[in-house]
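Input: a single structure, listed below in structure tokens.
In the working numbering, the protein residues as written are 79 to 333.
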């Protein structure tokens, strides 16, 4: 799959406030966020509810605008949505009246493009080629989420945004999907940014973890994970040391 090389995403002095209906005071979701992401990273953002994790993804996706600061992709300011930034949500967002194959093709059809070979390749990649004529109601939760992933992937985004995509799955399916996502990332090496509440999941999957604290959302620490991705032992001393460090940080954030 062709895509941009040397992708660089920047958040510069980004803050975001919301005004809730019936309230005069603003809710400060994010305060002065400065972050950079480069091609080939798999970054997880962890922290409690209310720390602005999902707000960061929505800002990068262009679904909302910052109150202060700016976001840039390869030097160009982000203003609105673009196929360069694909987003997958916690629950699969498939069209129930379309088959698996036609759900995957949907983005191409909107762009008046056709690439049956790529559709077939992606279905094989997530082991769903035998279900291409099935409808979403006939799929398990894990299968439906895989379809959501490749439906976004077919647009070949430079930045792949994942908002707790595994949160609604049972534990066994979730662990399988973690390995599936790692495999997809290993094959494509685009920039992956995933929000999760699960510290162990973040350590298992990512090359880097952003730890956040709430009220307002801010970065506590930016941690590189120096373990071989795809071959991590969840009970090794190194893994557990990362876990202790992050949990201690979260405690320091008064969570």
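Built from N, CA and C at the ideal position, the CB exists for glycine as well.
Which partner residues of residue i appear in the DSSP bridge assignment?
i: residue 295; result: 108
i: residue 269; result: 237
i: residue 96; result: 105
i: residue 231; result: Residue 231 is not bridged to any residue.
i: residue 88; result: 114, 150
i: residue 287; result: 122, 301
Considering Cα atoms alone, identify which of the options is closest to residue i.
i: residue 139; options: 183, 111, 159, 254; result: 159
i: residue 262; options: 189, 229, 187, 176; result: 229
i: residue 253; options: 233, 316, 220, 144; result: 220
i: residue 319; options: 277, 293, 113; result: 277
i: residue 85; options: 109, 153, 103, 127; result: 153
i: residue 166; options: 176, 189, 222, 211; result: 222
i: residue 116; options: 269, 326, 323; result: 269
i: residue 286; options: 271, 328, 293, 275; result: 271
i: residue 121; options: 98, 142, 97, 302; result: 302
i: residue 171; options: 142, 240, 135; result: 240
i: residue 312; options: 293, 247, 281; result: 281
i: residue 248; options: 92, 218, 213; result: 218
i: residue 180; options: 150, 211, 164; result: 211
i: residue 238; options: 101, 99, 103, 118; result: 118
i: residue 292; options: 97, 107, 174, 91; result: 107
i: residue 193; options: 174, 234, 251; result: 234
i: residue 326; options: 216, 279, 149, 298; result: 298
i: residue 275; options: 265, 266, 149, 242; result: 242
Is the Cβ-Cβ distance between residue i and residue j less than 7 angstroms?
i: residue 183; j: residue 197; result: yes
i: residue 273; j: residue 94; result: no
i: residue 111; j: residue 89; result: yes
i: residue 283; j: residue 256; result: yes
i: residue 295; j: residue 129; result: yes
i: residue 236; j: residue 162; result: yes
i: residue 209; j: residue 178; result: yes
i: residue 207; j: residue 201; result: yes
i: residue 316; j: residue 328; result: no
i: residue 144; j: residue 135; result: no
i: residue 87; j: residue 151; result: yes
Of all the CB atoms in chain D, is at least one closer than 7 angstroms to the CB of residue i?
i: residue 189; result: Among the chains of the structure shown, chain D does not appear; only one protein chain is present.
With a cut-off of 8 angstroms on the beta carbons, I'd call residue i and residue j a contact; round off their distance for me.
i: residue 290; j: residue 125; result: 3 angstroms
i: residue 113; j: residue 307; result: About 20 angstroms; that fails the 8 angstroms criterion.
For this session: Can you check the stretch 100-167 for any alpha helix (DSSP H) of at least 4 residues that lies completely inside it and give the ranges in chain order?
Result: 131-139
For this session: Give, in chain order, every unbroken run of the alpha helix (DSSP H) that is at least 4 residues long and sits entirely within the stretch 169-193.
Result: 178-188
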